[in-house]
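Residues in the sequence shown are numbered from 629 upward in steps of one, following my numbering.
Take a look at the structure below.
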Amino acid sequence: MAMNERESTLNANHAAKKPAKGKRILTIVIVVVVLAAALFGGGWRQGRAQVAAQKADYESRLQAVEDELAQTQERLAAQMNRALLMEARAALYRSAIDLDRRNFGIATTHLREAATALGKIDDVNGGLDQTRLNALQSAIAETDINVAVNLEEQRAKILGFTEELDALVSESTDR
């Protein structure tokens, strides 16, 4: 009987240890799951913080590029206006030269080219005196070169347009 008692005591101890071993495994599994969830949550949070920082960086870079683009477009518009002013100036000088050469039709064509170039100017930056520019454009467009009229008077008028245009150009570059 002594053996049986001992066996039953061992079996009882062994049975008692089994649930403890199961609890231990369950506890380890729970700890691992909680630890994994905590690590996942920490990684998630850190990843979101990095994404937010990158997004803010990209947005600031995008804003800088958009600002630079706007400045470049303003400079381009100013240069386009300047080119149109120079085109009008050249057309006025060609008109005066053609008038001296008695090429009245070509001189009139050059006057129309000058008026057209001035009409294309879109001064969104406010660098030009738009009132004076419109008045000059209208005066040039309304000017007709007549064959029978005094050529010196017509030439002086065209050169007067050129001087007024030169004054507008110098004012726009001073601003």
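C-beta: ideal position from N, C-alpha, C; glycine also.
Legend entry - Backbone CA spacing between glutamate 715 and lysine 748 [nearest angstrom]: Lysine 748 has its alpha-carbon roughly 11 Å from the corresponding atom of glutamate 715.
Legend entry - Cβ distance (whole Å) where isoleucine 786 is taken to contact leucine 746 below 8 Å: The Cβ separation is near 14 Å, so there is no contact.
Inset, instruction - Report the option in Asn709, Phe732 and Leu756 whose CA atom is closest to the CA atom of threonine 744. - result: The residue with the shortest Cα to Cα distance from threonine 744 is Asn709.
Inset, instruction - Look at isoleucine 773 and glutamine 765 and say whether their C-beta atoms are less than 8 Å apart. - result: Cβ distance not < 8 Å, so isoleucine 773 and glutamine 765 don't count as in contact.
Legend entry - Residue from Leu779, Asn731 and Ala724 whose Cα sits closest to the Cα of glutamate 791: The shortest CA-to-CA distance from glutamate 791 to any of Leu779, Asn731 and Ala724 is the one to Ala724.
Inset, instruction - Look at the alpha carbon of arginine 653 and the alpha carbon of valine 660, and state the distance between them as a whole number of angstroms. - result: As written in the sequence, residue 653 is isoleucine, which differs from the arginine given in the question. Answer to the nearest angstrom: the Cα atoms are 10 Å apart.
Legend entry - asparagine 731 - containing alpha helix (DSSP H), residue span: In the DSSP assignment, asparagine 731 falls outside any alpha helix (DSSP H), carrying neither H nor E.
Legend entry - For alanine 705 and glutamate 696, the rounded distance between their alpha carbons: Using only the alpha carbons, I get a separation of about 14 Å.
Inset, instruction - In the DSSP assignment, find the alpha helix (DSSP H) that holds asparagine 762 and state where it starts and stops. - result: Here the alpha helix (DSSP H) through asparagine 762 covers 758–770.
Inset, instruction - Could you check which residue in Phe789, His738, Ala718 and Gly733 has the C-alpha nearest to that of valine 775? - result: When each option's Cα is compared against that of valine 775, the closest is Gly733.
Inset, instruction - Out of Ser688, Leu756 and Glu770, state which residue places its alpha-carbon closest to the alpha-carbon of leucine 739. - result: The residue with the shortest Cα to Cα distance from leucine 739 is Glu770.
Inset, instruction - Using beta-carbon positions only, say whether alanine 574 and alanine 719 come within less than 8 Å of one another. - result: Past the edges of the chain, shown from 629 to 803, lies residue 574, and the structure says nothing about it.
Inset, instruction - With DSSP collapsed to three states, give me the class of valine 777. - result: Here valine 777 sits in coil by DSSP.
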